Amino acid sequence: MKRIIAALSVILLALPLSAQRGEKPDSWEVQVNTMDEGKRLMITEMVEKMQAAGGAERGLVLDMLKASGYGLVTTAIEIVAGEVVNLAKYRSNQKKQWMQMIEKECNYTDSLSSIQGLKDFYSETSRYGALDPSNMNFDGITIRGVKDGHEMLYLSCRIDTTRLEELFQHSKFHLMLDTLSFNPYECHLPNLSANGIRLRGDSDSGRDNSFSFDERSNLHVGIDLTLTSSWINEAVMVQRDVELGQFKLEVEIPAGVQVFTYSRAAIDENRRRMAADPTLKLDTRYLQMEGECFVVPRSFMPVSGTERMWGTGEYNMKVKFRESCRFLQDASRNEKLKYWHEDYKRLRKMQKKGSAFNDYFRTLWSQNGDKIVKTVVKQGLTTGASAAGLTGPSSARKTGGDSGTPSGTAGTPPANKKGDK
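Okay, so the sequence shown: first residue is 28 according to our numbering, each after it adds one.
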């Protein structure tokens, strides 16, 4: 019995040393559990038999425990082995969680529902038909975005006059980008709201949440336009919210630029200059808007039994604004990647979720009831048991089973993968 007490003392002394190998939690939840009646009677009967046999010899203790269905400390050690896998991979799992949060930060989408000027697609009624393009009112859209009092985006697109044959031959029109101005340092990336983070304007999170080309690359900005319409045809059938077409613009912002600007008029001027002097090296590339759209059908609305007439065209438009980037995988430039664990803790704090290490142990406690000892690192527990001479070949012969320990590896925690921090 003295040897058992001594072994338990060594194990308890090993626990703080084991805990120091990992992240210290902010707080512990400790609870004393009452032993069940059956186990208490079994221990009492064993003590009486040991006294009758003349002492608690090691072989006798092992034999009696085996006969009672218990494996002494070996069982406790192998119970721990089932949880060591989680502890050994704890840091690598944290990095995976951090990268998932970072990837969410790299995308932002906003739907612009309030659009001014959505009245009539045409300025006058028509006597020629539902798809008469005469007197078109619509000529593209202009978007201006302001963030924190600064202009972040200005975009203007118009009907492409170089492709007007589509309008007359197929009742379709195309859009061309006229002007674009985008300030990357006023953009919505990193998108904290993607991780459920809401910061007040005067709050100090301890984290630099501004956009930086040292942290993020492949910055793209884009818009998606969807045009719909409702009308009534000559058979007095109502067509409601019919999609007529879509447009998409995707622009890559060059790294390091302060404000990206594009002007189709400037490109046209460069083309004229290049035609006059081919030795010039000027930008002559148009930024293209993809997609096409049918003209808005006019509703049939005869004012008399003898005069046919069609209306001015009712339409609606959905605009979706997009920003995206990639997290730079260069620790020499990217401070957040270099010190990822510190950034992970800041993000968790900003989410108001507290210590992830605390959450881990709290989960183990709730899952394992009175077996809170299973949360210690197995290596320290095995060392303490070995020092007391309570582990032997029987534990090495144990092959997994309910413990979850791989064959031939009892008593040795799995090594961290190379590169895990």
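Here a beta-carbon is modelled for each residue, glycine too, at the ideal position from N, C-alpha and C.
Owing to the predicted nature of the structure, the values given are computational and were not obtained by experimental measurement.
By the CB criterion at 8 Å, residue 320 and residue 123 fall outside the cutoff.
Inter-residue distance for residue 195 and residue 252 is about 22 Å (C-alpha atoms, whole angstroms).
The residue among 287, 301, 249 and 295 with its C-alpha nearest the C-alpha of residue 278 is 249.
Between the beta-carbon of residue 337 and that of residue 147 there is about 12 Å, and that puts the pair past the 8 Å contact cut.
When secondary structure is reduced to three states using DSSP, residue 167 falls in the coil class, being assigned neither helix nor strand. From the listed residues 240, 258, 190 and 224, the smallest Cα separation to residue 157 is found for 258.
Taking C-beta atoms under 8 Å as the contact rule, residue 167 and residue 186 qualify, at a distance of about 6 Å. By the C-beta density criterion, residue 309 is exposed, having fewer than 16 other C-beta atoms within 10 angstroms. Contact between the segment 211-219 and the segment 315-332 is not established, with fewer than three Cβ pairs separated by less than 8 Å.
The residues 183, in chain order, have a CB closer than 6 Å to that of residue 169 in the same chain once the five nearest residues on each side in sequence are set aside. When the five nearest sequence neighbours on each side are left out, the beta carbons in the same chain lying within less than 8 Å of the beta carbon of residue 270 are those of 253, 254 and 255, in order along the chain. Within the DSSP bridge table, the entry for residue 269 names 256 as partners.
If you draw a straight line from the Cα of residue 150 to the Cα of residue 242, it comes to about 50 Å.
By alpha-carbon distance to residue 175, the top candidate from 373, 162, 210 and 190 is 210. Rounded to the nearest angstrom, the gap between the Cα atoms of residue 130 and residue 287 is 24 Å. In the three-state reduction of the DSSP assignment, residue 264 falls in the coil class, being assigned neither a helical nor a strand state. In the displayed model, residue 306 falls within coil according to three-state DSSP, outside both helix and strand. In this structure, residue 275 sits near residue 318, with a CB-CB distance shorter than 8 Å.
With respect to the 8 Å criterion, residue 206 and residue 135 are not classified as neighbours on the basis of their beta carbons. Distance from the CA atom of residue 316 to the CA atom of residue 273, rounded to whole angstroms, is 10 Å.
Counting every other CB atom within 10 Å of its CB across the protein chains shown gives residue 379 a total below 16, marking it as exposed.
Distance between residue 369 and residue 305, taken at the CA atoms: about 54 Å. Taking 8 Å as the upper bound for CB-CB distance, residue 260 and residue 327 are in contact here, some 6 Å apart. With 16 or more neighbouring CB atoms inside 10 Å of its own CB, residue 340 falls in the buried class. Taking C-alpha positions only, residue 193 is separated from residue 152 by approximately 22 Å. With a cutoff of 8 Å on beta-carbon distance, residue 126 and residue 374 are scored as not near each other. For residue 349, DSSP records a beta bridge to 136 and 249. Annotation for residue 351: 133, 134 and 247 place their beta carbon closer than 7 Å to its own, counting only its chain and skipping 5 residues before and after. Each of 180, 225 and 116 was checked against the Cα of residue 285, and the nearest Cα belongs to 180.
Every beta strand (DSSP E) of 3 residues or more that sits fully in the segment 315-349 is shown, in chain order, as 317-321. The C-alpha of residue 139 is placed about 27 Å away from the C-alpha of residue 292. Here residue 144 is exposed: its Cβ has fewer than 16 other Cβ atoms, across all protein chains shown, within 10 Å. Residue environment for residue 202: buried (at least 16 other C-beta atoms within 10 angstroms of its C-beta). Bridge pairing for residue 173: 178 [DSSP]. Comparing C-alpha distances from residue 331 to each of 299, 117 and 154 shows the shortest one belongs to 154.
Non-local C-beta neighbours of residue 225 in its own chain, meaning closer than 8 Å and more than five positions away in sequence, comprise 219, ordered along the chain.
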